[in-house]
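Read the structure below first, then the notes.
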Amino acid sequence: MSAPTLDRPTDEAALQQRFDATIAADRRIEPRDWMPDGYRKTLVRQIAQHAHSEIIGMQPEGDWLLAAPSLRRKAILLAKVQDEAGHGMYLYSAAETLGADRADLTDKLIEQKQKYSSIFNYPTLTYADVGVIGWLVDGAAICNQVPLCRSSYGPYARAMIRICKEESFHQRQGYELLMTMMGGTEEQRAMVQDAVDRWWWPSLMMFGPPDDDSPNSAQSMAWGIKRHSNDELRQRYVDMSVPQAQFLGVTLPDPDLHWDEETGHWRFGPIDWAEFKQVVSGNGPANAERIRRRRAARDDNAWVTEAATAYARKHAGAVTEGAA
Ligand SMILES: [Fe+2]
Ligand SMILES: [Fe+2]
Numbered sequence: 016m017s018a019p020t021l022d023r024p025t026d027e028a029a030l031q032q033r034f035d036a037t038i039a040a041d042r043r044i045e046p047r048d049w050m051p052d053g054y055r056k057t058l059v060r061q062i063a064q065h066a067h068s069e070i071i072g073m074q075p076e077g078d079w080l081l082a083a084p085s086l087r088r089k090a091i092l093l094a095k096v097q098d099e100a101g102h103g104m105y106l107y108s109a110a111e112t113l114g115a116d117r118a119d120l121t122d123k124l125i126e127q128k129q130k131y132s133s134i135f136n137y138p139t140l141t142y143a144d145v146g147v148i149g150w151l152v153d154g155a156a157i158c159n160q161v162p163l164c165r166s167s168y169g170p171y172a173r174a175m176i177r178i179c180k181e182e183s184f185h186q187r188q189g190y191e192l193l194m195t196m197m198g199g200t201e202e203q204r205a206m207v208q209d210a211v212d213r214w215w216w217p218s219l220m221m222f223g224p225p226d227d228d229s230p231n232s233a234q235s236m237a238w239g240i241k242r243h244s245n246d247e248l249r250q251r252y253v254d255m256s257v258p259q260a261q262f263l264g265v266t267l268p269d270p271d272l273h274w275d276e277e278t279g280h281w282r283f284g285p286i287d288w289a290e291f292k293q294v295v296s297g298n299g300p301a302n303a304e305r306i307r308r309r310r311a312a313r314d315d316n317a318w319v320t321e322a323a324t325a326y327a328r329k330h331a332g333a334v335t336e337g338a339a
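Residue numbers (our numbering): 16 to 339.
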């Protein structure tokens with residue numbers, strides 16, 4: 016008996032039609048569903064880039080784990096950095112549901128065939144950077160990621176729900192650290208201001224190039240992978256951050272920043288896209304170091320993966336034998 020054709024169309028046109036209807040109805044595409052090649056490729060690229068960013072993002076803050084000024088600060092920072100590892104794992108798993116291989120994605124990152132967020136190529140010079148990363152970098156990540164909870168690809172959207180909850184803890188721990196420092200000595204306040212001066216502009220670049228220079232955005236939005244344009248999200252982030260900066264008592268390093276009564280938005284000065292292009296193409300202050308350490312982690316820990324794989328295989332064999 017052949018499968019009923021109405022429920023399970025097999026020709027490409029009917030499959031495409033079903034896919035389009037699912038997207039139009041704002042329902043989720045699941046791993047078992049047919050999807051256009053371009054949709055699969057775009058998702059693998061975006062999810063891998065996102066996973067790589069979580070894992071590379073552990074480095075700049077991880078550098079401060081041994082130097083955290085108290086047990087409490089160390090526990091908070093350790094929990095945060097571990098969360099980022101977890102985010103990477105959820106996202107690599109989501110990429111695997113699309114047929115990607117985790118080891119292969121890691122190799123592509125190390126060979127610099129796939130990118131990660133440009134923000135993690137800046138160094139963390141003082142402990143205030145830990146607070147500013149939590150406030151601004153995780154804050155920008157939240158603006159980017161909350162709409163991804165409604166992304167059209169089911170496993171990605173579901174991973175993002177948990178990730179976003181943890182990101183909001185990250186942002187709060189950063190802001191709380193900065194509030195504490197701002198209530199401290201003159202020197203501590205200067206450290207916070209210096210960190211804000213260095214991270215503000217790179218955090219604006221996290222939303223990607225401006226809309227008129229973002230060639231893949233329109234297709235990603237039509238597919239429901241992306242829900243808002245880069246410029247929309249960047250504006251939302253600025254509107255959210257300015258009052259937080261005022262409450263904290265720091266100055267954002269932008270002489271053009273002003274309130275626009277007519278539109279109800281904070282307007283900001285021009286972004287240095289030449290710097291962004293340099294950093295994203297591998298020439299930022301810490302790119303080489305980030306990749307060198309990721310490569311060392313892969314190579315030095317290969318025996319752990321091998322041992323775990325051998326154990327899993329042996330265990331699976333024992334279970335099969337037992338069943339027989
Ligand atoms: Fe994260
Ligand atoms: Fe985070």
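Glycine residues also receive a C-beta, built at the ideal position from the N, C-alpha and C atoms.
query: Can you tell me whether Ala331 is buried or exposed, with buried defined as 16 or more other CB within 10 angstroms of its CB?
result: Locating residue 331 in the sequence shown gives position 316, where the first residue counts as 1. Counting Cβ neighbours within 10 Å, Ala331 comes out exposed, since fewer than 16 surround it.
- Task: Could you tell me the boundaries of the beta strand (DSSP E) in which Asp275 lies?
- Result: Within the sequence shown, the letter at position 260 stands for residue 275. From DSSP, the beta strand (DSSP E) with Asp275 extends over 273-275.
Practice problem: Would you identify the three-state DSSP class for Arg282, choosing helix, strand or coil? | Solution: As a first step, residue 282 is located in the sequence shown; it is residue number 267 there, counting from the start. Arg282 falls in the strand class under three-state DSSP.
### Message
Suppose you measure from the CA of Leu219 to the CA of Ala155; what does that come to, to the nearest Å?
### Response
Counting from one through the sequence shown, the residue named residue 219 turns up at place 204. Counting from one through the sequence shown, the residue named residue 155 turns up at place 140. Going by C-alpha positions, Leu219 is about 8 angstroms away from Ala155.
Give me the Cα-Cα distance between Ala183 and Glu69, rounded to the nearest whole angstrom.
Position 168 of the sequence shown, counted from the first residue, corresponds to residue 183. Position 54 of the sequence shown, counted from the first residue, corresponds to residue 69. It is Ser, not Ala, that sits at residue 183 in the sequence shown. Approximately 15 angstroms, taken between the alpha carbons.
* With a 10 Å radius around its C-beta and 16 neighbouring C-beta atoms as the bar for buried, classify Gln74 as buried or exposed. => For this step, residue 74 is matched to residue 59 along the sequence shown. Label assigned to Gln74: buried.
* Asked: Ends of the alpha helix (DSSP H) at Lys89?
  -> Taking the first residue of the sequence shown as 1, we reach residue 89 at position 74. Following the DSSP letters along the chain, one finds Lys89 inside the alpha helix (DSSP H) bounded by residues 86-111.
Worksheet item: Counting Cβ pairs, one atom from each stretch, are 3 or more of them under 8 angstroms apart for the region 161-172 and the region 240-252?
Response: Cβ pair count under 8 angstroms is three or more, so yes.
Beta-carbon within less than 8 angstroms of Glu181's beta-carbon, same chain only, minus the 5 sequence neighbours each way: which residues are those?
Taking the first residue of the sequence shown as position 1, residue 181 is located at position 166. So the qualifying residues of the chain are Asp98, Gly101, His102.
- Message: If you reduce the DSSP assignment to three classes, tell me which class Met16 lands in.
- Response: Within the sequence shown, residue 16 is the residue found at index 1, counting from 1. Confidence in Met16 is poor, its pLDDT being 43 and thus under 50, which makes the residue's placement unreliable; the coordinate value appears in the next sentence. In this structure, Met16 counts as coil in the three-state DSSP scheme.
Asn136: buried (16+ other C-beta within 10 angstroms of its C-beta) or exposed? For the purposes of this step, residue 136 is taken as the residue at position 121 of the sequence shown. So Asn136 counts as buried.
- Message: Could you tell me the alpha carbon to alpha carbon distance between Trp31 and His280, rounded to whole angstroms?
- Response: As a working note, residue 31 is residue 16 in the sequence shown. As a working note, residue 280 is residue 265 in the sequence shown. The residue you asked about is not Trp; residue 31 is Gln in the sequence shown. Distance between the alpha carbons of Gln31 and His280: 40 angstroms.
#### Entry: Exposure of Leu140, with buried meaning 16 or more beta-carbon neighbours within 10 Å
Looking up residue 140 in the sequence shown gives position 125. Exposed, since its Cβ has fewer than 16 Cβ neighbours within 10 Å.
Item to complete: Name the residue from Val253, Leu106, Gln259 whose alpha carbon lies nearest to the alpha carbon of Asp271.
Response: For this step, residue 271 is matched to residue 256 along the sequence shown. Closest by alpha carbon: Val253.
Requested in this report: Over the uninterrupted alpha helix (DSSP H) stretch that includes Cys302, give me the two end residues.
Outcome: Position 287 of the sequence shown, counted from the start, is the residue given in the question as residue 302. This sequence places Asn at residue 302; Cys is not what is there. 302-315 is the span of the alpha helix (DSSP H), which, as asked, contains Asn302.
* Limits of the alpha helix (DSSP H) - the one that Gln188 falls within -> For the purposes of this step, residue 188 is taken as residue 173 along the sequence shown, with counting starting at 1. Per DSSP, the unbroken alpha helix (DSSP H) holding Gln188 starts and ends at 169-197.
- Query: At what residues does the alpha helix (DSSP H) containing Ser235 begin and finish?
  - Reply: Within the sequence shown, the letter at position 220 stands for residue 235. First-last of the alpha helix (DSSP H) with Ser235: 232-237.
Relative to the C-alpha of Pro285, which residue among Trp215, Val319, Arg33, Tyr142 is closest? Taking the first residue of the sequence shown as 1, we reach residue 285 at position 270. Comparing Cα-Cα distances from Pro285 to each of Trp215, Val319, Arg33, Tyr142, the minimum goes to Trp215.
Checklist entry - In whole angstroms, what separates the C-alpha of Asp122 from that of Asp246? => result Translated into the one-based positions of the sequence shown, residue 122 becomes position 107. Translated into the one-based positions of the sequence shown, residue 246 becomes position 231. If I take the Cα positions, the gap works out to 32 angstroms.
Review point. Of the choices Ala172, Met50, Pro225, Thr37, whose alpha-carbon is the least far from that of Ile62?
Key: Position 47 of the sequence shown, counting from 1, holds the residue named residue 62. Here the closest residue by C-alpha is Ala172.
Give me the Cβ distance between Ala205 and Asp144, rounded to the nearest whole Å; I'm assuming they're in contact under 8 angstroms.
-> The sequence position of residue 205 within the sequence shown is 190, counting from 1. The sequence position of residue 144 within the sequence shown is 129, counting from 1. Between Ala205 and Asp144 a beta carbon distance of about 13 angstroms is seen, past the 8 angstroms cut, so the two are scored as non-contacting.
Q) Quick one, are the C-beta atoms of Leu263 and Val207 less than 9 angstroms apart? A) Walking along the sequence shown from the start, residue 263 turns up at place 248. Walking along the sequence shown from the start, residue 207 turns up at place 192. Taking a C-beta distance under 9 angstroms as the contact criterion, Leu263 and Val207 qualify as a contact pair.
_Whole angstroms are fine: how far does the CA of Gly198 sit from the CA of Arg213?_
Looking up residue 213 in the sequence shown gives position 198. Looking up residue 198 in the sequence shown gives position 183. So the two alpha carbons sit approximately 21 angstroms from each other.
- prompt: Who are the Cβ neighbours of Cys158 in its own chain at under 6 angstroms, not counting the five residues just before and after it?
  reply: On the sequence shown, residue 158 is found 143 positions in, with the first residue counted as 1. If we look at Cys158 and ignore the five residues flanking it on each side, its Cβ neighbours are Leu248, Arg251, Tyr252.
Next on the checklist: Using a Cβ-based criterion (distance less than 8 angstroms to any ligand heavy atom), does Glu202 qualify as near ligand 2?
Outcome noted: On the sequence shown, position 187 is the one that residue 202 refers to. Here the distance from the Cβ of Glu202 to the nearest heavy atom of ligand 2 is not below 8 angstroms.
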